[in-house]
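Here's the structure, in C-alpha cells; my notes come after.
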Amino acid sequence: MINHDAKKQDILAAFNFRHATKVFNPTKKISDEDFTFILETGRLSPSSVGYEPWKFLVVQNEKFREKLKEVSWGAQGQLPTASHFVVILARTDARYDSEYVQNLQKTVKQMPDDLLETLKPRYRSFQENDQRLFESDRALFDWASKQTYIALGNMMTAAAQIGIDSCPIEGFDYEKVNQMLENEGLLEDGKFAVSAMVAFGYRAEDPVRPKTRRASEDVVQWID
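Be aware that the sequence shown starts at 1, since it is given in my numbering, and climbs by one per residue.
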C-alpha cells in the first residue's frame with residue numbers, strides 16, 4: 001500500500017532540492033540507466049492534442065559543446081561541466097493537416113481513417129480560431145515550443161527525485177544556434193527549430209541561499 005503522505009513529502013523535497021545549477025562537478029557522471037529514465041519522462045510527457053512536437057538532442061561531443069558555448073551566453077558554466085546537455089527542439093510543422101501530424105495519428109496513435117476525418121475540422125478550428133496559430137509561422141512554432149516546456153519541467157523534476165541536478169537555459173542567440181544546428185543537419189530540413197536547453201549533472205557546490213518563492217496566497221486564487 002502506498003504511503004501517500006510520504007510520497008508527497010518526497011516529491012516536495014525534490015522540488016526544494018532542485019535549483020538552477022550554474023556549475024556542475026565535471027568528474028561525476030550520470031549513469032546511462034538514470035539518464036535514460038530522465039529522457040523517458042520527457043518522451044512520456046503530455047502535449048496539446050497529443051502532437052508530441054519535440055525532439056531531444058543530447059550533446060555530449062566536446063567540440064560541439066564548445067561551438068555551442070560561443071553562442072549561448074546563459075550556458076557558459078554548464079556546457080563545460082554538465083554530465084549531459086540537452087538541446088530541446090520544437091517542430092515547425094505541427095499543423096493539424098501536416099504530413100507529420102497525419103502520420104503520428106495513423107501510425108503511432110493508430111486512429112482509423114473515419115475518426116481522422118471526423119477530428120480534422122475540430123483540430124483545424126482549435127488551431128486556426130481558438131489559438132490563432134495560422135497568423136504566422138512564428139505563432140505555430142511558439143505553440144509547439146510551449147509544449148516542449150512540459151517535457152522540460154518533467155525531466156528536471158524526475159532528475160531531482162533521484163538526486164540529479166539540472167538547469168534550464170534560454171540564454172542563447174536563437175538565430176545562431178539554429179544556424180549551427182542546421183549546418184550540422186540536425187533540424188531535418190527546417191522541420192525543427194531550437195526551443196530551449198537544459199543541463200544535467202551533479203552540483204559542484206550547494207547553493208549559497210535557500211530556495212525562495214512568493215507565498216502561496218500571492219499565487220493561488222480560489223474561485224468557489
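For glycine and all other residues, C-beta sits at the position ideal for the given N, C-alpha and C.
Review point. Quick one: what's S166 bridged to in DSSP?
Key: Per DSSP, A20, F200.
Review point. What residues match up with R95 in a beta bridge as DSSP calls it?
Key: Paired residues: none, contrary to the question.
Practice item. Would you check if the distance between the CB atom of L133 and the CB atom of W143 is smaller than 7 angstroms? Key: yes
Practice item. Please confirm if the stretch 65 to 77 is in contact with the stretch 42 to 57, defined as three or more CB-CB distances below 8 angstroms between the two stretches. Key: no
Point to revise | Per-residue burial, P53 [other beta carbons within 10 Å of its own, 16 or more giving buried] | key: buried
Practice item. Can you tell me which of the three DSSP states S195 falls into? Key: strand
Exercise for review: Would you list the one or two residues that DSSP bridges to W54?
Suggested key: A90
Exercise for review: Pull up the CB-CB distance for Y51 and L104, whole angstroms please, since I reckon it's below 8 angstroms.
Suggested key: 7 angstroms
Practice item. Name, in chain order, the residues that DSSP records as bridge partners for H84. Key: F200
**Study point:** C-beta contact flag for H84 and F35 at 7 angstroms
**Key:** yes
Check your understanding: Hey, L57 and V101: beta-carbon distance below 7 angstroms or not?
Key -> no
Check your understanding: So what does DSSP say about Q147, is it helix, strand or coil?
Key -> helix
Check your understanding: What separation, rounded to the nearest whole angstrom, lies between the Cα atoms of H4 and T118?
Key -> 41 angstroms
Exercise for review: Would you check if the stretch 125 to 140 and the stretch 169 to 177 touch, i.e. whether three or more CB-CB distances between them fall below 8 angstroms?
Suggested key: no
Review point. Helix, strand or coil for W222 per DSSP?
Key: coil
**Study point:** A158 and T41 closer than 7 angstroms at C-beta
**Key:** Result yes, Cβ atoms of A158 and T41 sit closer than 7 angstroms.
Review point. With contact counted as at least three CB pairs below 8 angstroms, one residue from each stretch, are the stretch 203 to 213 and the stretch 22 to 33 in contact?
Key: yes
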